[in-house]
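Numbering (our numbering), first residue to last: -6 to 979.
Notes to accompany the following structure.
Below, the structure written as structure tokens:
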């Protein structure tokens, strides 16, 4: 440090001293400007510009070519934290390497997503790790440690967890509220966030678009009550894009943007992502809030201080000391090998009746709509390398052993006004033909519009793909998809469907406005002759407008043209021919991550799209040795396929090495060991409403589901077998918690470093490979309370490890569980509790495949009734509910309960009324009544709540009541009343 440098440049000072010094040197305008996502430079102090937010979910996204790893749900399927940490390291190295050549690449990475995969129809299922909080937490800890790096003072990148909190629906996501009772909040939704934060490798969080208990997440009181209490480190809260404006524009939670901005800043939001790179709108709102006295300069200072803490940790002010400043690792051999290994470990073998692995010399038919695809998603980078299942199998078995049939329906379209749709070749295709003397490319150069021609021989044969829910894509012979650009013209111009608004999807609409499938057959094209008479309207899904034919080309308009659809070939016919001539068939089905299930759009069904269902059935009818591979971002309900086919596999979209990895698994080079990170249900009827976030009351996920799943959480088969023996469980005292990652000693990622001893349970089981193949086994440890007093999970995952065993090899696997992990949130007394008593520990191959179990007496808390005379009853702290939802008590904090319809009921168990209670008081808003009754009896009190001035204008109503002893209390809410609490007096 030179004499003229300010103290914030001095690395000998503590980080907090340096932050304080720099903060004190900034003017109010400079500090205000830093609250926008794109913070400008402060040239007079030599402070560079800074951008929060770089997408890095499974590789560097949106910034061009990068290594593309499997989707997050695929990383969750590996059940391998060591591997996931290595992926995080590779991604963060590529972030650093890309930033060195492009300063638009930010070091504050918005990853990972730790929202739990509660409901499999969630459009963003691909972004999460698991439906289980323990598995999600372990995976998130591993990934963030990889992103952070292991230096005690400097971070390679600064991870921000998404999306706080209870976010699991896309439909109306900016206006819907997740009703989350305290038990679900503490036992489920907070757990994944908490574990990652406490592990010390998280720089902050991003609030979700939705509301929780009636209050927008960008105003969440839990940011202060929970998040910032889990660590001594300053945590940065970055808003989601456009969410600050939503507080007024879509949610109407505030009347003015100044009020909304002030409230979110006071709640703990530090960086506002809104209006793209134009910071003036948000900074204007902040200044307006300051002028109106809604915030103080100290509120701005608090937010800026958190931002600066992150920037110092990234080495911005110590370039000569930054250990990651010269990282150049990009698309290295190690990264390529890691992408392949991750894709291999993510493959889950769902069923195998002996047809797999594929023996050498077999003739294999590779068929299906995803057989020659390497699909990307919204948070993928651009592929540098690409391997499809077809590529992988040709490489592994030899091109001569592989036949291919995509299975698309091939159609021609004739306009009712006359003429057949014709797609000119692309420049590249024309040049290729021109080089062979077949066509002069000059005749077609630059032509991408779709003019209709009058001659059927010149009509273009289009590949029609049905993605389900009535959505189709149309592809030209040269591989380009029909798309609609901003000018409204239809062109064959897209390499793949994609974009924030997908321009490549269409719907057919028949007579009377029917949509979703073509007339003339259930989910099929045309009639027996291959022609569809009468015509169909073609609707562009992205704009909702109709495809029409005009003199200057084909475009979308308010009124459309009817098209006669002539089926040249049905996909199932091509598939059947290929299947009949093979020794074995591999059908590759699945989804395009940009269609039917993605950000902004939930799925409507678990079923495979109808066209893909027909393909596997056609293949199986022609050849019983048919294997179904589902490459998808989410689970499917395929009970018929499970019953009929000899083998099924699932893999998330596996990134750049997806095809090679799948081929190696199918060939037996790698024994599959991926495990399902979420339940696969048998039918849509197994699912609750997507907006029902009460996993306990509605019996969701493997924790509470009372039915029989198609494939259970944790399920996955192998090419070998494993035996479990000698499960022993004992209580012990272990070192607790990871060391401070910013301390000067120790590995910040070493979870064995400790500061305080902690009571634990240690389980040990011997696992033996009893088969003939070397393979990985995922050992899973579950626990259940033997005689619970409140609803508890059927079993819950408390430990797991992935081990590699040679044939005949045995290994003692030891897993340690903190005693607190066995507990639950006690709503009666407002704290976490571990009930004393008998617990059953289960060593398992899945949540439905328990190999060994043993009971263990656990010391813990004795049961206590609710002391209602002393503590009263907070309305949201019920034990059971029917027909209610939790809403905001005030705009700042607190919960109330209201009926969803005309009536709703709450049940409070074991209320201790003592010798006698003679008075009751309810605090409520709105209008209606609150009825109190005992089980099976008439109401003991009916309290009429008069209409109040608004939803936050509470009043108290009193009545006489005679209650004594320990009783269950039923509370019925009638009308639009909002109940805050009930109090009793003697």
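Each residue gets a CB set at the ideal place from its N, CA and C atoms; glycine is no exception.
Distances from the alpha-carbon of residue 616 to those of 359, 163, 152 and 185 put 359 closest.
Bridge pairing for residue 967: 896 and 922 [DSSP]. Contact between residue 147 and residue 315 holds, with the beta-carbon distance rounding to 6 Å and staying under 8 Å. Per the coordinates, the alpha-carbon of residue 231 lies some 24 Å from the alpha-carbon of residue 311. With contacts defined by Cβ atoms closer than 9 Å, residue 390 and residue 656 form a contacting pair.
The beta carbon of residue 599 sits closer than 8 Å to those of 113, 114, 628, 629, 630, 674, 676, 677 and 680, all from its chain and outside the five residues before and after it, given in chain order. Residue 28 places its beta carbon less than 9 Å from that of residue 293. For residue 640, same chain residues with a beta-carbon under 7 Å away, outside a window of 5 residues either side, are 344, 345, 346, 348, 349 and 620 in chain order. Secondary structure of residue 570 (DSSP, three-state): helix.
Rounded to the nearest whole angstrom, the C-alpha separation of residue 487 and residue 556 is 22 Å.
For residue 775, the three-state secondary structure derived from DSSP is strand. Nearest Cα to residue 574 within the set 479, 614, 812 and 172: 614. Counting every other CB atom within 10 Å of its CB across the protein chains shown gives residue 939 a total below 16, marking it as exposed. By alpha-carbon distance to residue 835, the top candidate from 754, 101 and 973 is 754. Classified as buried, residue 643 has 16 or more neighbouring CB atoms from the shown chains inside 10 Å of its CB. Taking each of 701, 775, 247 and 682 in turn and checking the Cα distance to residue 672, the smallest one comes out for 701. When DSSP states are grouped into helix, strand and coil, residue 916 belongs to the strand group. Around the beta-carbon of residue 462, 16 or more other beta-carbon atoms lie within 10 Å, marking it buried. Note on geometry: alpha-carbon atoms of residue 885 and residue 214 lie some 7 Å from one another. The C-alpha of residue 329 lies about 46 Å from the C-alpha of residue 541.
Using a 10 angstroms sphere on the CB of residue 291, the tally of other CB atoms stays under 16, which defines it as exposed. Closest option to residue 645, judged by alpha-carbon separation, among 0, 889, 899 and 51: 51.
Of the other Cβ atoms in all chains shown, fewer than 16 fall within 10 Å of the Cβ of residue 273; this residue is therefore exposed.
With a cutoff of 9 Å on beta-carbon distance, residue 341 and residue 667 are scored as near each other.
Residue 16 carries a helical assignment under DSSP once its states are collapsed to helix, strand and coil. The closest CA to that of residue 696, considering only 480, 874 and 181, is found on 181.
For residue 22, no beta strand (DSSP E) encloses it; the enclosing alpha helix (DSSP H) starts and ends at 21 to 26. According to DSSP, residue 762 shares a beta bridge with 715.
Residue pairing for residue 623: DSSP places it in a beta bridge opposite 582 and 643. Per DSSP, residue 298 is one residue of the alpha helix (DSSP H) stretching across 290 to 306. Cβ atoms of residue 953 and residue 911 come within 8 Å of each other, at about 6 Å. Residue environment for residue 713: buried (at least 16 other C-beta atoms within 10 angstroms of its C-beta).
Judged by pairs of C-beta atoms under 8 Å, the segment 564 to 571 touches the segment 398 to 407, as three or more such pairs exist. The beta carbons of residue 176 and residue 689 sit about 6 Å from each other, so the pair counts as a contact at 8 Å. The criterion of a C-beta distance shorter than 9 Å is satisfied by residue 120 and residue 66. Your pair residue 160 and residue 188 does not check out as a contact, with CB atoms roughly 18 Å apart and the cut at 8 Å.
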